[in-house]
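**Q** Below you will find the structure I want to go over with you.
There are 2 protein chains.
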Amino acid sequence: MTLADHATPAPRPGRRADAERNRAAIIEAAGKVFAEHGGGVDVREIARRSGVGMGTLYRHFPTKDELLATVLERQFDGWLTDAHEQAMATEDPWQALDGFFDRLLTNQAGNRAAVESFAATGGPSAACIQRCYSCIDQLRARCADAGVLRPGVTTDDLFQLSGSLSQAVLTTAESHPGQWRRLLRISLDGLSSRNTGPLPPLA
Amino acid sequence: MTLADHATPAPRPGRRADAERNRAAIIEAAGKVFAEHGGGVDVREIARRSGVGMGTLYRHFPTKDELLATVLERQFDGWLTDAHEQAMATEDPWQALDGFFDRLLTNQAGNRAAVESFAATGGPSAACIQRCYSCIDQLRARCADAGVLRPGVTTDDLFQLSGSLSQAVLTTAESHPGQWRRLLRISLDGLSSRNTGPLPPLA
DNA sequence: CTTGAAGCGGAGCGGCCGCTCCGATTAGTC
DNA sequence: GACTAATCGGAGCGGCCGCTCCGCTTCAAG
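Chains A and B, in that order, give the protein sequences.
Numbering of the first sequence is given in numbering that gives the first Met the number 0, commencing with residue 0 and proceeding in unit increments.
Numbering of the second sequence is given in numbering that gives the first Met the number 0, commencing with residue 0 and proceeding in unit increments.
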């Protein structure tokens, strides 16, 4: 995992064993709590759920934002890696793109904090966005080379699409789980090279 | 306007003139402030911007949530009416649908509070959602009758689409304004009857 | 102009929440 | 077991924000 680099402070090996355990507990609990209630939850709730005092929590993460960022980064990075690996293992370029989106969105289904962070900044962090862009661009290029992608579609378009769909994933999570897949199918069909009409120009 | 019914307390005609003026000022200022900063802003900011004291604000709206609801309802209702009228005046069913979405999304472009409310509850209020559903359903039926709409597409699909795109409208508002139109075009192309593949079933 | 009731303003209360501080505890060493 | 430095825990501080309270102002009826 390359993402441990972003943690603050980084998990040094020379640390006491209980400290290491607590740190892990905090990250796990925070992941669940943020996903359930969004980034606005009381930090005390995270401390409670991880069985740790406030002092301990704040020694590991100097700021609530830092904790949120770390957690989000870990989660998103995991989802991204997973979706990317699956896509790489798929031969058909179009199915790879399809599977990538499906996997990525499935993974973050119901995670309030993740969607909020997309809404606020377009993603968990600049580095994360960059990684995501790279993945998407790779898949886009494969599709474009195979001639199955609608001409003029940019990596940015695909990135925005995933962000916008993650909104749908969240709002339909409780009432109509999985309905977002219909939107994904529709969008992907609109992205196929069957559609040759020009897209609105970038301002 | 049927939406004044939702205000609390309703603007009674027998009220003093200055009270009426203040009420209007509050609604207007709140609309701007909520749009700029989202539903989380300090109520004091709204009082300041409308040139009114806290007491006045809270006599007109017993609760911050009530104020937010009223404002959102007014705004959304206006946008919806506007988009609907424009769509009704368009003969071609497909262009009517296209124009409806374009107009609705353009109108709410950059309104943080509006997008938040979509994220939280799917819309400003149950009544508003109902109205929106009706509009969309009407347009959907016209397209379906004309045979230009992909088979199996539900009103719910179209509603979710608009909610998900409003997310894109917000995130691209500052860096790439108007880029969301590309996503809209893509989605609509995926919704045309040219695409006959079955959509994932509703769970 | 007088009068009384409707309306106004903003200081301030109470609760929530991010973060800190320091005495108690415990892991790890000899 | 003794020792010490790293770690822990949670009471509490300070600031933010929703909302209230009440003395002052203004409208409009007579």
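Glycine included, every Cβ here is placed at the ideal spot set by N, Cα and C.
From a predicted model like this one, the values you see are computed outputs, not experimental measurements.
1) Under 7 angstroms: does the beta carbon of R20(A) sit that close to some heavy atom of the ligand NAP?
2) Assuming G162(B) contacts G121(B) under a Cβ cut-off of 8 angstroms, what Cβ separation, rounded to an integer in Å, is found between them?
3) Does Q94(A) pass the burial test, meaning 16 or more other C-beta atoms within 10 Å, or should it be called exposed?
4) Less than 8 angstroms between the CB atoms is what I'm expecting for A167(B) and Q159(A), so what's the real figure, rounded?
5) To be precise: take each residue of the segment 170 to 181 of chain A, compare its Cβ to all Cβ atoms of chain B, and keep it if any distance is under 9 angstroms. Which residues remain?
6) May I ask you to report which of helix, strand or coil DSSP gives T7(B)?
7) From which residue to which residue does the alpha helix (DSSP H) around V114(A) run?
8) Please state the DSSP three-state secondary structure of L148(B).
9) For a cutoff of 8 angstroms on Cβ pairs, would you count D156(B) as touching chain A?
10) Given Q178(B), which residues of its chain have a CB within under 6 angstroms of its CB, disregarding the five upstream and five downstream residues?
11) Residues of chain B with CB under 7 angstroms from G38(A), in chain order?
12) By the 10 Å Cβ neighbour count, where 16 or more other Cβ atoms means buried, how is Q74(A) classified, buried or exposed?
13) Where does S165(A) sit, in a helix, a strand or coil, going by DSSP?
14) Which word fits L183(B), buried or exposed, when buried means at least 16 other C-beta atoms lie within 10 angstroms of its C-beta?
15) Distance check for D188(B) and P199(A), CA to CA, integer angstroms please.
16) Which residue comes first and which comes last in the alpha helix (DSSP H) that contains V42(B)?
17) Go ahead and pull the three-state DSSP assignment for S191(B).
18) Name, please, each residue of chain B whose Cβ falls closer than 7 angstroms to the Cβ of R102(A).
19) Check the Cβ of S161(A) against every Cβ in chain B and list those closer than 7 angstroms, keeping chain order.
20) In chain A, what lies closer than 7 angstroms to A167(B) by C-beta?
21) Considering just the uninterrupted stretch of the alpha helix (DSSP H) at H108(A), what are its terminal residues?
22) CA-CA distance, R14(B) and C131(B)?
23) Answer yes or no: do E173(B) and P123(B) have a C-beta to C-beta separation smaller than 8 angstroms?
24) Find the residues of chain B that neighbour G77(A), judging by a C-beta separation of less than 8 angstroms, and give them in chain order.
25) When DSSP labels each residue in this structure, what does L79(A) get in the three-state scheme?
26) With a Cβ-Cβ cutoff of 8 angstroms, do S186(A) and S186(B) count as a contact?
27) When the Cα atoms are used, what is the spatial distance from I135(B) to V51(A)?
28) 8 angstroms is my cut-off, CB to CB: does P92(A) come that close to chain B?
29) Quick check: the Cα distance between F91(A) and N106(A), rounded to an integer number of angstroms?
30) Determine the extent of the alpha helix (DSSP H) in which D91(A) is found, giving its start and end residues.
31) Is it true that the CB of R193(B) sits closer than 8 angstroms to the CB of L193(A)?
32) Taking C-beta pairs closer than 9 angstroms, name the residues in chain B that G121(A) reaches, listed in chain order.
33) For L201(A), does the three-state DSSP call read helix, strand or coil?
34) Taking all protein chains shown into account, do 16 or more other C-beta atoms lie within 10 angstroms of the C-beta of G38(A), making it buried, or fewer, making it exposed?
35) Chain A partners of L190(B), CB-CB under 7 angstroms?
36) Going by CA-CA distance only, name the one from V152(B), D17(B), L66(B), D97(B) that's closest to E27(B).
**A** According to the structure shown:
1) Although the ligand NAP was asked about, the structure shown includes no ligands whatsoever.
2) Against the second sequence, residue 162(B) aligns to sequence position 163. Against the second sequence, residue 121(B) aligns to sequence position 122. The Cβ separation is near 7 angstroms, so the contact holds.
3) Counted from its first residue, the first sequence places residue 94(A) at position 95. With fewer than 16 Cβ atoms within 10 Å of its Cβ, Q94(A) is classed as exposed.
4) Within the second sequence, the letter at position 168 stands for residue 167(B). Within the first sequence, the letter at position 160 stands for residue 159(A). Yes, A167(B) and Q159(A) are in contact; Cβ-Cβ is about 5 angstroms, under 8 angstroms.
5) T170, T171, S174, H175, P176, G177, Q178, W179, R180, R181
6) Taking the first residue of the second sequence as 1, we reach residue 7(B) at position 8. With a pLDDT of only 46 at T7(B), under 50, the local geometry of the prediction cannot be trusted, and the value read off the model is given with reservation. Note: T7(B) maps to coil in three-state DSSP.
7) Here residue 114(A) refers to the residue found at position 115 of the first sequence. 111 to 120 is the extent of the alpha helix (DSSP H) around V114(A).
8) Taking the second sequence and counting its residues from 1, one reaches residue 148(B) at position 149. Strand, per DSSP.
9) Start at 1 with the first residue of the second sequence, and residue 156(B) comes out as number 157. Cβ-Cβ to chain A under 8 angstroms: yes for D156(B).
10) Taking the second sequence and counting its residues from 1, one reaches residue 178(B) at position 179. Answer for Q178(B): T171, listed in chain order.
11) If you number the first sequence from 1, residue 38(A) lands on position 39. Going along chain B, no residue has its Cβ under 7 angstroms from G38(A), so there is no contact; the nearest lies around 11 angstroms.
12) Here the question's residue 74(A) lines up with position 75 in the first sequence. Classification for Q74(A): buried.
13) Here residue 165(A) is taken as the residue at index 166 of the first sequence, counted from 1. Three-state result, S165(A): helix.
14) Mapped onto the second sequence, residue 183(B) falls at position 184. So L183(B) ends up on the buried side.
15) Reading the first sequence from its first residue, position 200 is the one you call residue 199(A). Reading the second sequence from its first residue, position 189 is the one you call residue 188(B). Rounded to whole angstroms, P199(A) to D188(B) spans 13 angstroms at the Cα level.
16) The sequence position of residue 42(B) within the second sequence is 43, counting from 1. First-last of the alpha helix (DSSP H) with V42(B): 42 to 48.
17) Within the second sequence, numbered from 1, the residue matching residue 191(B) stands at position 192. Strand at S191(B).
18) As a first step, residue 102(A) is located in the first sequence; it is residue number 103 there, counting from the start. Those do not exist, as R102(A) stays about 15 angstroms from chain B at its closest Cβ, beyond 7 angstroms.
19) The residue labelled residue 161(A) in the question sits at position 162 within the first sequence. Neighbours of S161(A) on chain B: none; closest Cβ ~10 angstroms, over 7 angstroms.
20) On the second sequence, position 168 is the one that residue 167(B) refers to. Near A167(B) (Cβ distances below 7 angstroms), the residues of chain A are Q159, G162, S163.
21) In the first sequence, residue 108(A) corresponds to position 109, counting from 1. Reading the sequence as shown, one finds Ala at residue 108(A) and not His. Neither: A108(A) is in no alpha helix (DSSP H) and is coded neither H nor E.
22) Taking the second sequence and counting its residues from 1, one reaches residue 14(B) at position 15. Taking the second sequence and counting its residues from 1, one reaches residue 131(B) at position 132. Spanning the two alpha carbons is a distance of roughly 33 angstroms.
23) Position 174 of the second sequence, counting from 1, holds the residue named residue 173(B). Position 124 of the second sequence, counting from 1, holds the residue named residue 123(B). In this structure, P123(B) does not lie closer than 8 angstroms to E173(B) by Cβ.
24) Counted from its first residue, the first sequence places residue 77(A) at position 78. Residues of chain B passing the Cβ test: none, with the nearest at roughly 23 angstroms.
25) Numbered from 1 along the first sequence, position 80 holds the residue referred to as residue 79(A). Here L79(A) sits in helix by DSSP.
26) Counting from 1 along the first sequence, the entry for residue 186(A) is found at position 187. Counting from 1 along the second sequence, the entry for residue 186(B) is found at position 187. Yes; because the gap between Cβ atoms is below 8 angstroms, this pair is in contact.
27) The residue labelled residue 135(B) in the question sits at position 136 within the second sequence. The residue labelled residue 51(A) in the question sits at position 52 within the first sequence. For I135(B) and V51(A), the distance between alpha carbons rounds to 51 angstroms.
28) Taking the first residue of the first sequence as position 1, residue 92(A) is located at position 93. It does not: the Cβ of P92(A) has no partner Cβ on chain B nearer than 8 angstroms.
29) The residue labelled residue 91(A) in the question sits at position 92 within the first sequence. The residue labelled residue 106(A) in the question sits at position 107 within the first sequence. For clarity, residue 91(A) is Asp in the given sequence; the question names Phe instead. Using only the alpha carbons, I get a separation of about 22 angstroms.
30) As a first step, residue 91(A) is located in the first sequence; it is residue number 92 there, counting from the start. First-last for D91(A): undefined, no H or E at that position.
31) Your numbering for residue 193(A) matches position 194 in the first sequence. Your numbering for residue 193(B) matches position 194 in the second sequence. Just to set this straight, residue 193(A) is Arg in the shown sequence, not Leu. Yes; because the gap between Cβ atoms is below 8 angstroms, this pair is in contact.
32) Start at 1 with the first residue of the first sequence, and residue 121(A) comes out as number 122. Under the 9 angstroms cutoff, chain B gives T170, T171, S174.
33) Within the first sequence, residue 201(A) is the residue found at index 202, counting from 1. Reduced to three states, the DSSP call for L201(A) is coil.
34) If you number the first sequence from 1, residue 38(A) lands on position 39. Buried: at least 16 other Cβ atoms inside 10 Å.
35) Your numbering for residue 190(B) matches position 191 in the second sequence. The answer, in chain order, is I185.
36) To locate residue 27(B), count along the second sequence from 1; it is residue 28. Looking at the Cα atoms, L66(B) is the closest of the given residues.
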